[in-house]
Structures are given as structure tokens and as C-alpha cells.
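*Asks:* Encoded as C-alpha cells, here's the structure I'll be asking about.
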Amino acid sequence: MEIFDQLDTETNSTLFAELLLPVPIPKLFTYRVPQSLNEKIMVGQRAIVPFGDRKILTGVVVSTHSNPPKDYEAKYIFELLDDFPSVSEIQFKLFQWIADYYLCTIGEVMNAALPSGLKLSSESMVQLNPAFNLEETDYDFSEKERMLLKRLEGESLEYSAISKLLGVKQVYSLLKSLVRKEAIILYEEVKEKYKPRTERRIRLTEAYLAAPTLETLFETLAAKPKQESIVLKYLQDVPVLSHAEQNKHGIARKQLMDDTLSESSLNTLIKNGVLEEFDVIVSRFEEETLPDYHIIQLSEEQHRAQVEILASFKDHNTTLLQGVTGSGKTELYINMIRQALEGGSQVLYLLPEIALTTQIVQRLKKIFGTSMGVYHSKFSDNERVEVWNGILNGRFKFVVGVRSAIFLPFDNLGLIIVDEEHDSSYKQQEPAPRYHARDVAMVMAQLHHAKVLLGSATPAVETYYQALQGKYGYVKLDKRFGEAQLPTLVLADMGRERKQKTIKGEFSGLLLKNIDEALAKKEQVIIFQNRRGYSPMVNCEDCGWVPKCVNCAVSLTYHQYRHALVCHYCGYREALPQHCPTCSSTRIKTVGYGTEKLEEELKFHFPEAHVQRMDLDTTRSKTGYETIIDQFERGETNILVGTQMVTKGLDFDHVSLVGIFNADRMIHFPDFRSYERAFQLITQVSGRAGRRAVAGKVVIQTSSPDHPLLETILKHSFEKFYNDQLADRRMHSYPPFSRLIDVTLKHSDKKICQASATALFELLRTALPGTKILGPGEPMISKIRNQFLMSLLIKIPRGSSELAVLKQALVKCIYQLLKEKEHRNTRVVMDVDPV
241 MEIFDQLDTE TNSTLFAELL LPVPIPKLFT YRVPQSLNEK IMVGQRAIVP FGDRKILTGV
301 VVSTHSNPPK DYEAKYIFEL LDDFPSVSEI QFKLFQWIAD YYLCTIGEVM NAALPSGLKL
361 SSESMVQLNP AFNLEETDYD FSEKERMLLK RLEGESLEYS AISKLLGVKQ VYSLLKSLVR
421 KEAIILYEEV KEKYKPRTER RIRLTEAYLA APTLETLFET LAAKPKQESI VLKYLQDVPV
481 LSHAEQNKHG IARKQLMDDT LSESSLNTLI KNGVLEEFDV IVSRFEEETL PDYHIIQLSE
541 EQHRAQVEIL ASFKDHNTTL LQGVTGSGKT ELYINMIRQA LEGGSQVLYL LPEIALTTQI
601 VQRLKKIFGT SMGVYHSKFS DNERVEVWNG ILNGRFKFVV GVRSAIFLPF DNLGLIIVDE
661 EHDSSYKQQE PAPRYHARDV AMVMAQLHHA KVLLGSATPA VETYYQALQG KYGYVKLDKR
721 FGEAQLPTLV LADMGRERKQ KTIKGEFSGL LLKNIDEALA KKEQVIIFQN RRGYSPMVNC
781 EDCGWVPKCV NCAVSLTYHQ YRHALVCHYC GYREALPQHC PTCSSTRIKT VGYGTEKLEE
841 ELKFHFPEAH VQRMDLDTTR SKTGYETIID QFERGETNIL VGTQMVTKGL DFDHVSLVGI
901 FNADRMIHFP DFRSYERAFQ LITQVSGRAG RRAVAGKVVI QTSSPDHPLL ETILKHSFEK
961 FYNDQLADRR MHSYPPFSRL IDVTLKHSDK KICQASATAL FELLRTALPG TKILGPGEPM
1021 ISKIRNQFLM SLLIKIPRGS SELAVLKQAL VKCIYQLLKE KEHRNTRVVM DVDPV
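Note that the numbering used here numbers the sequence shown so that position 327 is 567, with each residue one more than the last.
The structure is reproduced here in C-alpha cells:
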């Protein structure tokens, strides 16, 4: 029986509830329902419950029944947090599917699904022991202990307040001493993380709403001009004599008061009962405005594509829209969103990451107003909770979001758009559930009887194959919008330029010449390098020493702006040494180019140009992306250097040149998807050039100008690329002709990790006869965060009817491995459909 099935409730007996808790344990937990909550409890409500000895968790009610648990005494639910359900039956079904398919627990899914603001936190508090009397005790107390005990006579304190009171960073030893002396009690205070935003407002008290009493008031205030000015200002904004009902809502305190009015006079009016203060809950988002559903004029090509998509939806739940960069896919999306909303349905528009949302959200807000919600990780916990609640209460019918938006509580979803569906950012890596939002969106659509539109200029090979097979509908847009033409692509042969000595630093003469020409025409330039930091590596010129991370098997990346060597896997940081620790040489140099170094060199080559960088380091703040994109859009930035963030969906009028700094590194990466990723990245970033009347040009720096992949890209030969890839993958049994499960074993001892991997391989070989299992072997990065890694790759033929059975066998083998004493501390991570 699935966990979301509602069990019969016997009202004449003790009531129990099955709760889903955000813990990685594959079961539900039974709790006793207090008599006072019997009539209030509903499936989908959040509840506060005790868990273990001291923990307090937020669970979700899955079902109610009258059967006490056989193995343990059920604890009581403390309290219900909702008046109505926060999680729907459809969401429970989706959680269960994700847990089953991606081999994780449903508790892990729930933990990822609910914004942290909807989950309670507990805070450690300290109070005086009621039985304690300082004068009668035989214990000795230090001065700090006495100071704390005196303070605790009036109130309970949290750890941080005690630390501040005593002026010490660590208070645990002091608290331990006081607990031993039976002077204090430690307890957990439960707090709800979500706090509504409130606004302090002012209004006239009811005694002064009538004309006679108001006249009397002004007679009284005649000798108090400061107080009189405040009342007059209030009556200008809130005409209570003609519109008495407006007084109920009052006016915001900050709106009433200005530099000419006295705060103390206002406080006197409140104290004397003339005015009163009250708080109202306000949205963290803009005040609700009506959307402007103006019809976008589609081109002939766009109109044809829309008609074909709607026709395709009659036979397919999912349709792939392959449109070249700049073909106007967004206009099509907007038209289809508008139609779905007018039909009374909800719409979810997924984008791979926040970098994409900045421009598109601004554009969509102009059309759909504040009826559109935005959901992504750069929002605060409180903002995300408001979007969640906004869907529940009907404020938001349309949401733009990143992958986590698939968990939102829609109840009438009609259309899901997955833009840039090929993007690997849709795949969750850590922690579990390691889901792919595109694939989950299709399951979500089935549950809602909705349609899915997948959009991309460079679809994933698997998606393209499903479209060719007729499983998905397929619509193509192969012309750019308006007068724009596809950019001209040229190769800068780095080998030849090195011989001719036309290279400056790592910039080819061809790229520098084209940048110079673009800037002279007042046009903008984008330079793409998929490595952040200053230099990917530092080494000693004399002995070859390279600084490595102490926790991971990787070299450290030099970041000039921090003047530090940083590990991009665990965050370890150390200062750049002045001398080599091996040979004491001072000849330590940086090797390679990251975005920081490119930014520096471009400023040197083009001192008059304003150069800006867009990577993880410059966009950490909530508005980092918006600021950089806004400056570039207004023409304040001439050259934008960036990582793959600059490849995704950005639309600028004046970009005539794109430079791809190092194509070879992408092409020759040791992974069966390296050609696909290189093709997508190069094509996508090339699409930023020449999106209007100005012709675009792309310069690709490479030492392999004869590489067949580059030849395919230069000719825009999409079909040839996909056909070559499908033939290669069919031969080697890779997706879409198989499903992959990557199993990674982790342990702090390398030998134990290797032994565990070998033991698991033998178990799997016996349990899964005929299934291809590659490994065990060390992954390319064999140590991360002090954990050694070993990998196994399981290939399951596509369309296998035994997929679920094979997954269950895999889980049993891992369980059997971890029961053995020598392997019990090995951590095993399963990644279904890795990217």
C-alpha cells in the first residue's frame, strides 16, 4: 500500500497518525493524536512531534487510523502548525515516485521539498532550576557563574545571549559545571522559522471618528501645534469623515511621519488615546497588480510552431521545441502561458539556474504582473514560504523557478515549460534526492494531467532520441527572429599562431583583432572560459611542486582577489606561499587562465574598455546577477567575461562578438558526454552574438582545428551531430540505449574503501546476472573532503521491464554489504541517471 493512502478513521477510539518526517529512514512514524486535535487533524497538515530523546521535528500527516504500533509506545503529537493542508495528495505521490526511482527515502524527498522556513527549528535554552537556592547550596561558584545565575532569576536565556553576557565565546564548560551543581536546566525551545513580515500602522481611535469629537480634539490641540500637525497629516491621507471605513486600515507609520513631524508628539498622541498603533501582515513581494495579458505578435514561423505544438499536445503529453538560439522561443512560451492561465490552469516555467531568471523574470513581470511568483535559492527562507503559501491561497497561478520549484503545491497544473531542458543544472547532485527536474516534471505532469513543453536549441541526446522515436512530439524553429542571422563561426588555430608568434598571453591575434574592431564600432563582446578563479594551478618552476588540497585529490585554484589558493570541492583555503615548501625556490608561477586572469589581461589589452566578470565569485549575493546583467544591458560594460553562466538564455542587443577561450578542454574531457556538452556550450554561447540586425561573429580558440566536432559546429550540422552521437552510444550501450546507476563508495581509509567496492561488485555480479557492471575503479577525483572514493557503473538496457526489480536487488546488496563489520562505516551513494 502506498504511503499516501488515507486509512479509515474510527472516531470512537484513540486516534493515531502516520507522519512523514524529514529523516533518511525508509518508513513512516506513528504518533498518538491528542484528544483536542481529533477534530482538527487532516492529511497534509504539518505537525510538531518529538523524535528520539531530545529532537523536535516538523512532520507531515500522511494518514490517520486507530491502530497502535506493535513495536513501540506512540508519542503524542505536540501541535498542528496548519489550519489546512500544506502538502497535497498529488505531492505525496510525487514524493513516493522520486524516492522509488532515485533510490532514496521519502523523508529525504520531503526534506528537499519543503522550504526550510516551513520546518521548525529548536533552540537550546537555559533556565534556573526551580529547586535551586544559591544561599543554601554547598557548591562554590565562580564570578561568571554567579553573574549568570543572577541574570537567570528573571528570564531564560539562549546560549548566544549567555556568551554575550559573560563576554566568552565558549560557554559549554561553564554550563556543564552548573548542570552538575544542579543549578540550571537545559531545554529546547521550539520556534517556527517562518516569520510573516509585519508593518506598523497608525489610525484614529474610534472615539474621534465623529465630527463633534474631532472638533473638540482640535480645540484641545490648538496649544500643541506639533501634535496638531500629525493629526492634520493623518486626516489628509485618511479622510475619516467622508470615508470612515478607511480608518480601519490606517496608514503606515513611516508613511505618516516625515522630517517635519515629531516622533515624541506621535507617541504622546498614542499614549493619550487619540491615535493607536497596530501591526498588519504584509507581503514581501510587490503589492498585487492586475496582469497585462497583452497579445504578443508572433512571426509567421513562431505562429506555425505554436500551432504545431498545440496539435502535438493532442497526441503527446510532452513535446520538444528545438529552436535555434535567437529564434524567439520565449515569445512562444509567453503566448502559451497566457492561454493556459486564461483557461484557468496553473503554469510552472522551469529555468536551469538563477542566472537565467534575471532578464526573463523582468520581462515576464511586465506581462503577468505580481500574479507571477518567483522561486529560487537566492530568495530568503521567508520569501520562499510566501511563494509556497501564495500557491496554496491562489495568489500565484504562474511560477518561474529553478529545479526545486517542482515541489511546489500546485493543485490545478495545466502546463510545465522546461527551458534549456538539456542543462545539467536540472540534476540535483548533493544531497539526496539526486533527481532530475526535467524527468520529475514529466511525472508531475502525468499526475496533474498537464502538458510539458521542453525547449532548447541543443536538446539532450536522450530527449532528441525520444522525439525521433515518437514518444515526444517534435517541433522545430530553425530561423532567427526578425532580421537576425546565425553568427559566423571562425577558428583561431593556436598551434599555427604560436609558430607565427602572434599570441599575446593566451589570446590569439585573431581574437584580439576582432575584439578591437567590435569595441571601435561601440559593440559589445562576451568572452567564455569555463574556469573561475585566477589560475587553475600554481607550480614551482624549479622542482615542479604543485599545491594540493589537504582534503581532496585536486590541485588548488589561485584566486587573486582573495590572494588565496582555494579548493573548489571542499572550500579549503590557504595563502599563496612566497617560497616553494619543497625546494625553497621563489620561482612560483600561475599556470593556465581562469576568468579572473582573463579579466585582468583584457583590462591590460583594452584599457579604455569597461570589463566585467560573471562567475560564481561575483554573483554570490542575491542581486549579483541582476547588477552585472543590468550594467551590460545598459551598455556600461563593454566586455563580459564569464563561465557557463553567460551561455544560458541571455538576450543582449549589441553583442556582435563572442570569444570561446579554450574549446579543447571541453572536447577532450574524459566522459562519454564530453562531445555533447562541448557542442551545447559552444552553440549556446555562440547564440549570444548577433541577435538583432548587427551581424554576429564567434571566434573559437583551439589547438585542434581539424577536430570533426568543431567542423560540425561550424556548419550548424545539428542532425549530423546527433546521428553520430546516437550511433556511438548504441555501440557502447550508453543512454538513451541504457539506464545508468552510478554507485560511489566513500571511506576515510583507502584500503577499506577499495575492499568495500570489491565486495559490493561480487555481491552485484551474483544478484544481477547478465547486467553490465563496470568497475570497481577510482573516479577521476579519487578523494573529496577526506573521503576516498571508488565507483561502480551499472548499465541497464533501456525498456527493461525488470528495472524496479534490479533496483531492489541493488539496495539489498548494499544493505547486505553494510551489515558486515568491516564495511559498516562505508558510505554508499546511489545516483540514478547521472549526468
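Note that beta-carbon positions come from the ideal geometry of N, C-alpha and C, so glycine has one too.
These numbers were taken from a predicted model, which means no experiment stands behind them.
Only counting the same chain, and skipping five residues up and downstream in sequence, which positions put a Cβ closer than 7 angstroms to that of I510?
*Replies:* E516 and E517, listed in sequence order.
*Asks:* Roughly how many angstroms separate the alpha carbons of A401 and N369, rounded to a whole number?
*Replies:* Distance between the alpha carbons of A401 and N369: 18 angstroms.
*Asks:* Do I656 and L588 come within 8 angstroms of each other at the CB atom, strictly closer than that value?
*Replies:* Yes. Within cutoff.
*Asks:* Look up R493 in the DSSP assignment and say whether it is helix, strand or coil.
*Replies:* Reduced to three states, the DSSP call for R493 is helix.
*Asks:* Just to confirm, are R286 and K315 a CB contact at a threshold of 8 angstroms?
*Replies:* Against a cut-off of 8 angstroms, the Cβ pair of K315 and R286 comes out as no contact.
*Asks:* Across the stretch 735-742 and the stretch 817-826, are there enough close Cβ pairs to call them in contact, namely three or more that are closer than 8 angstroms?
*Replies:* Cβ pair count under 8 angstroms is below three, so no.
*Asks:* If Y675 and V639 are in contact, beta carbons under 8 angstroms, what's the gap, nearest whole angstrom?
*Replies:* With a Cβ gap of about 18 angstroms, Y675 and V639 do not count as contacting.
*Asks:* Whole angstroms are fine: how far does the CA of V765 sit from the CA of S539?
*Replies:* Roughly 28 angstroms separates the two Cα atoms.
*Asks:* Do V366 and I288 have their C-beta atoms within less than 8 angstroms of each other?
*Replies:* No, Cβ-Cβ distance for V366 and I288 is not below 8 angstroms.
*Asks:* DSSP three-state label for R440, please.
*Replies:* Three-state DSSP puts R440 in a strand.
*Asks:* Quick one: grab the DSSP three-state call for H483.
*Replies:* Three-state DSSP puts H483 in coil, outside helix and strand.
*Asks:* Tell me the rounded alpha-carbon separation between E670 and A352.
*Replies:* Going from the Cα of E670 to the Cα of A352 covers about 11 angstroms.
*Asks:* Can you round the beta-carbon distance between V715 and I574 to whole angstroms, since I take them to be within the 8 angstroms contact cut?
*Replies:* 16 angstroms between Cβ atoms; not a contact.
*Asks:* Between K644 and the rest of its own chain, which residues show a CB-CB distance below 6 angstroms, the 5 nearest in sequence each way excluded?
*Replies:* Position check: residue 644 holds Ser in this sequence, whereas Lys was assumed. Correct list: empty, nothing qualifies.
*Asks:* How would you call C783, buried or exposed, if buried means at least 16 neighbouring beta carbons within 10 angstroms?
*Replies:* That one is exposed.
*Asks:* Helix, strand or coil: how does DSSP classify C789 here?
*Replies:* Coil at C789, not helix or strand.
*Asks:* Please look up how many angstroms separate the CB atoms of T558 and L694, rounded, as I've assumed it's under 8 angstroms.
*Replies:* Going by Cβ atoms, the distance from T558 to L694 rounds to 6 angstroms, so yes, they are a contact pair.
*Asks:* Quick check: is the beta carbon of Q331 nearer than 8 angstroms to any beta carbon in chain D?
*Replies:* The chain inventory of the structure shown lacks chain D, comprising one protein chain alone.
*Asks:* According to DSSP, simplified to helix, strand and coil, what is L1032?
*Replies:* Looking at L1032 - three-state DSSP - the assignment turns out to be strand.
*Asks:* Would you kindly work out how many angstroms separate the C-alpha atoms of M241 and L980, rounded to a whole number?
*Replies:* In this prediction, M241 scores a pLDDT of 35, lower than 50, which makes its location untrustworthy; no coordinate-derived value is stated.
*Asks:* Comparing alpha-carbon positions, which option in E626, V692 and S417 lies nearest K554?
*Replies:* Here the closest residue by C-alpha is V692.
*Asks:* When you compare each of L415, K421, T460 and E1018 to Y427 by their alpha carbons, which one comes out closest?
*Replies:* When each option's Cα is compared against that of Y427, the closest is L415.
*Asks:* Which residues does DSSP list as the beta-bridge partners of F768?
*Replies:* F768 is bridged to G882 and I900.
*Asks:* To which residues of the same chain is V302 closer than 7 angstroms at the C-beta, ignoring the five residues directly before and after it?
*Replies:* Hits under 7 angstroms: I243, F244, E258, L259, L260, L268, V283 and F332.
*Asks:* Can you tell me the Cα-Cα spacing of K409 and S620, whole angstroms?
*Replies:* Each residue's Cα considered, the two are about 28 angstroms apart.
*Asks:* When the Cα of G641 is compared with those of A935, S665, K711 and I1036, which residue comes out closest?
*Replies:* The shortest Cα separation from G641 among A935, S665, K711 and I1036 belongs to S665.
*Asks:* If distances are taken between C-alpha atoms only, which option among M576, L897, C789 and D659 comes closest to A760?
*Replies:* Checked all of M576, L897, C789 and D659; the closest Cα to A760 is L897.
*Asks:* According to DSSP, is S795 helix, strand or coil?
*Replies:* Strand.
*Asks:* Output the distance between the C-alpha atoms of S611 and R635, rounded to the nearest integer angstrom.
*Replies:* Distance between the alpha carbons of S611 and R635 is about 6 angstroms.
*Asks:* Go to T559, then tell me how far its beta strand (DSSP E) extends in each direction, as first and last residue.
*Replies:* Residues T558 to G563.
*Asks:* Grab the span of the alpha helix (DSSP H) containing V514 for me, first residue to last.
*Replies:* Run containing V514: none; DSSP gives neither H nor E here.
*Asks:* What number of angstroms, rounded off, separates the C-alpha of I1024 from the C-alpha of G745?
*Replies:* Those two C-alpha atoms are separated by around 33 angstroms.
*Asks:* Does DSSP classify N252 as helix, strand or coil?
*Replies:* Confidence at N252 is low in this model, with a pLDDT of 46, below 50, so its placement is unreliable and the value that follows should be read with caution. Coil, per DSSP.
*Asks:* What do you get for R1005, buried or exposed, if any count of 16 or more other CB atoms within 10 angstroms of its CB means buried?
*Replies:* It is exposed - the Cβ of R1005 has fewer than 16 other Cβ atoms within 10 Å.
*Asks:* Go through the stretch 934-966 residue by residue and report every complete run of the alpha helix (DSSP H) that reaches 4 residues or more, in order.
*Replies:* As far as the stretch 934-966 is concerned, its whole alpha helix (DSSP H) runs of at least 4 residues are 948-954.
*Asks:* For G735, which of helix, strand or coil comes out of DSSP?
*Replies:* Three-state result, G735: helix.
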